[in-house]
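Peer 1: Residue numbers (my numbering), protein chains in the order written: chain W, 1 to 212; chain R, 1001 to 1250.
Note that CB positions come from ideal geometry on N, CA and C, so glycine has one too.
Since this is a predicted model, take the numbers as computed values, not measurements.
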Amino acid sequence: MEILANIATALIGGDDPMVAQLTREALNQGLPARRILDEGLIAGMNVVGEQFKSHEIFLPDVLLAARAMYAGMDLLKPMLAAQGISGRGKVVLGTVRGDLHDIGKNLVAILLRGAGFEVIDLGKDVAPEEFVAAARRENATLIGMSALLTTTMPVMKQVVDLLRQEGLHGQIRTIIGGAPVSAEYAREIGADGYAYDGASAVDRVKEYLEAH
Amino acid sequence: MRALLRYAPERVRPEPAAVWGLLGAGSGQSVRHSRLLEQAEALLMELAAPAGLYQETTVAGFTEIFYGDGRNHPEAVLARIFPRAEHLALFAATLGPAVSEKIQALFAAGDFALGAVLDAAASEAADLAAVRVEESFGEMLRTGGPVALPGQRVRRYSPGYCGWDLTGQRRLFERLQPGEIGLTLGGSCLMEPLKSVSGVLLAGTPDIHPVERGFPYCSGCRSAQCYVDGSGIASTKNPEPQPKCDQGTY
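In C-alpha cells, the structure reads:
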C-alpha cells in the first residue's frame, strides 16, 4: 500500500514531521494501527537496521530514523494499547549499579524499540535486585545489562547469580554489553549472550525472544 | 609544583573526522550530518568550561599510587615506563558539568542524533583538554621548571588503560585533590562530571614509552590513542602547533 511505503521511506530519511503526517493520514484512511506499525514504521526501521549493519549509513542516521519512528509511534500508541496489542517482546534494560554511563544503553533501547520490542528502561546505576524485580513485575523474559567500567562489570554476574538463586535462570535470559565486556566474559559469568553494539543487541534479542 | 589551568572552549574544539570516527563513520558526511555536527559544536562551545590541573610527583610518590590497591594487570606496561621517567605529574582535565547535563537532556527529549553527536564531540574535547594539560606540563618543563633533558617527550597514562587498574583512580584522587576544578570520584571509580580525564604525565626520552600494542589488555582498548612512530608512542590527537622544540619533543 502506497501510504505505508511512504511512511517507511520518510522514516528511512529521518523525516519525523512527514512520518507523523503520513501516520495521521493512514489512520484517517481507516488503516489498522497494527498494520501501520508493522508495514510502515517497523518495515522502515528494518531497512535502516540492515543499512546500518552493512555500513551504508551510520549511527546518527539510525537515530534520526528512530526519532521519526517515535513520531509515528506516539500517534499509534493509544490505539495499540486500546486494542491490547503488545510489541514483539519485552526487554528490561539498564546500566548496572555504580555505572552512570548510559549513552550506549540508550542507543540499544532506541534500536530495540525501533525493531518493535517493548523496552522497560530502568536507567543507570541499577541494582541487581531492581533488574530481577522489574523482569518479574513486567513479565519480561530478557534482561539487558550495560557497563562501561571494569569496576562495575561484576554487578552483571550478581544479576545472573540472583536469577539462579530465585530459580529464574533459563526463564529470564541475560544479554550483556559495554566497552570492557566480551563474549568470553559473558560465558564466564553465565550470561546467555553478549552484544558488541546496538545492532547486534537487536539481533541477540530477536534470537532469544523469537526462540520462545 | 601544582598548576591550575583554564582553557577557552575553542582550544578543545574537536576535529570533525575524530567525532565521526567515534561514531563509527568515516569522512565525507552529508549536509545533514554536517548540520548535526555544527549544532553539537555550537553547544559544546557554549557549555564547555575546560579546566585542568597537574601536580608534580616523584617516582617514589607515584609508585605508591600505581601499586596502591594491587589490582594492576601483571603485565602492566606502565610499570616499565614510569620508573624511567625524568619528570612526573598527576593530572586531571574536565569539560565541566554543563555538557554532560545537556547530553542527558537531549536524549530525554528524544533528540537522539544530536545527543549522540554531542556526546562524541564532548568525549573528543575532554581528551583534547587532557592534551592541553600535557602541553602545559611540557611547556613548564621546557621553559620555567626544572632543567629538562633535551629530547624529552611527555605522554599521559590513565587508570583503566595500559594495565593500570581503574581502581587506581582512588589514590590518584586522594593525592591530586581535583575538587579544585570540580571533579569528584564515585564509589565505582567513576569521575563526575563524566567528560573528564585523569592520570599521570610522564616526561622522559622517547624510548621509555612502549612501541607495541600487543599487551593482553590492548585488545579490549578502544581508545587507540597510541601508535608506533618509530621512537615511542605519540598522541594521535590534534596537538596545537608547538613552539619549535626539537621535532615535537620537550
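Applying a beta-carbon distance threshold of less than 9 Å, which residues of chain C neighbour histidine 1073 (chain R)?
Peer 2: Reference to chain C is not applicable here, since the protein chains of this structure are W and R.
Peer 1: Provide the residue span of the beta strand (DSSP E) that contains tyrosine 1157 (chain R), from first to last.
Peer 2: Start at 1 with the first residue of the second sequence, and residue 1157 (chain R) comes out as number 157. First-last of the beta strand (DSSP E) with tyrosine 1157 (chain R): 1153 to 1157.
Peer 1: Tell me, to the nearest whole angstrom, how far the beta carbon of valine 159 (chain W) is from that of threonine 174 (chain W); I am working on the premise that it is less than 8 Å.
Peer 2: Taking the first sequence and counting its residues from 1, one reaches residue 159 (chain W) at position 159. Taking the first sequence and counting its residues from 1, one reaches residue 174 (chain W) at position 174. At roughly 7 Å, the Cβ-Cβ gap stays under 8 Å, so valine 159 (chain W) and threonine 174 (chain W) are in contact.
Peer 1: Between which residues of its own chain and leucine 1176 (chain R) is the CB-CB distance below 8 Å, once the five residues before and five after are set aside?
Peer 2: Stepping through the second sequence from its first residue, residue 1176 (chain R) is reached at position 176. If we look at leucine 1176 (chain R) and ignore the five residues flanking it on each side, its Cβ neighbours are Leu1053, Gln1055, Leu1090, Phe1091, Ala1092, Ser1198.
Peer 1: Run through DSSP, which three-state label would threonine 23 (chain W) get?
Peer 2: If you number the first sequence from 1, residue 23 (chain W) lands on position 23. Threonine 23 (chain W) falls in the helix class under three-state DSSP.
Peer 1: For glycine 98 (chain W) and chain R, any beta-carbon pair shorter than 8 Å?
Peer 2: Taking the first sequence and counting its residues from 1, one reaches residue 98 (chain W) at position 98. Yes, contact with chain R.
Peer 1: Can you list, in chain order, the residues of the region 1164 to 1193 of chain R whose Cβ is nearer than 8 Å to any Cβ on chain W?
Peer 2: Within the region 1164 to 1193 of chain R, the residues whose Cβ lies closer than 8 Å to some Cβ of chain W are Asp1165, Leu1166, Thr1167, Gly1186, Gly1187, Ser1188, Cys1189, Leu1190, Glu1192, listed in chain order.
Peer 1: So, at 6 Å on beta carbons, what are the nonlocal neighbours of threonine 152 (chain W) in its own chain, with the 5 sequence-adjacent residues on each side left out?
Peer 2: The count along the first sequence starts at 1 and reaches residue 152 (chain W) at position 152. Here the set comprises Val96, Gly98, Asp99.
Peer 1: Answer yes or no: does any C-beta atom of chain W fall closer than 8 Å to that of glycine 1052 (chain R)?
Peer 2: The residue labelled residue 1052 (chain R) in the question sits at position 52 within the second sequence. No, no contact with chain W.
Peer 1: Hey, which unbroken runs of the beta strand (DSSP E) at 3 residues or more fall wholly within the region 76 to 151 of chain W?
Peer 2: Runs found: 90 to 95, 118 to 121, 142 to 146.
Peer 1: Check for me: the alpha helix (DSSP H) holding threonine 1058 (chain R) runs from which residue to which?
Peer 2: Here the question's residue 1058 (chain R) lines up with position 58 in the second sequence. Where threonine 1058 (chain R) is concerned, there is no enclosing alpha helix (DSSP H), given that its DSSP letter is neither H nor E.
Peer 1: In whole angstroms, what is the alpha-carbon distance linking alanine 1040 (chain R) and leucine 1047 (chain R)?
Peer 2: The count along the second sequence starts at 1 and reaches residue 1040 (chain R) at position 40. The count along the second sequence starts at 1 and reaches residue 1047 (chain R) at position 47. Answer to the nearest angstrom: the Cα atoms are 10 Å apart.
Peer 1: In three-state DSSP terms, what is threonine 1094 (chain R)?
Peer 2: By one-based count along the second sequence, residue 1094 (chain R) stands at place 94. Strand at threonine 1094 (chain R).
Peer 1: Sorted by chain position, which residues of the same chain lie with C-beta nearer than 7 Å to alanine 127 (chain W)'s C-beta, five sequence neighbours on each side aside?
Peer 2: Position 127 of the first sequence, counting from 1, holds the residue named residue 127 (chain W). Result list for alanine 127 (chain W): Arg97, in chain order.
Peer 1: With a cut-off of 8 Å, do at least 3 Cβ pairs link the region 47 to 66 of chain W to the region 104 to 117 of chain W?
Peer 2: Counting Cβ pairs under 8 Å, three or more are found: they touch.
Peer 1: Using DSSP with H/G/I as helix, E/B as strand and the rest coil, what is isoleucine 172 (chain W)?
Peer 2: The residue given as residue 172 (chain W) occupies position 172 in the first sequence. Strand at isoleucine 172 (chain W).
Peer 1: Please decide whether asparagine 106 (chain W) counts as near chain R, where near means a Cβ-Cβ distance under 8 Å.
Peer 2: Within the first sequence, the letter at position 106 stands for residue 106 (chain W). Yes, contact with chain R.
Peer 1: To the nearest angstrom, how far is the alpha carbon of alanine 1003 (chain R) from that of arginine 1171 (chain R)?
Peer 2: Indexing the second sequence from 1 puts residue 1003 (chain R) at position 3. Indexing the second sequence from 1 puts residue 1171 (chain R) at position 171. Going by the C-alpha atoms only, they are around 19 Å apart.
Peer 1: So, does the region 1079 to 1090 of chain R touch the region 1122 to 1130 of chain R, judging by three or more C-beta pairs under 8 Å?
Peer 2: Judged by Cβ distances under 8 Å, the region 1079 to 1090 of chain R makes no contact with the region 1122 to 1130 of chain R, as fewer than three pairs qualify.
Peer 1: Would you kindly report the start and end of the unbroken alpha helix (DSSP H) that includes alanine 183 (chain W)?
Peer 2: Mapped onto the first sequence, residue 183 (chain W) falls at position 183. 183 to 189 is the extent of the alpha helix (DSSP H) around alanine 183 (chain W).
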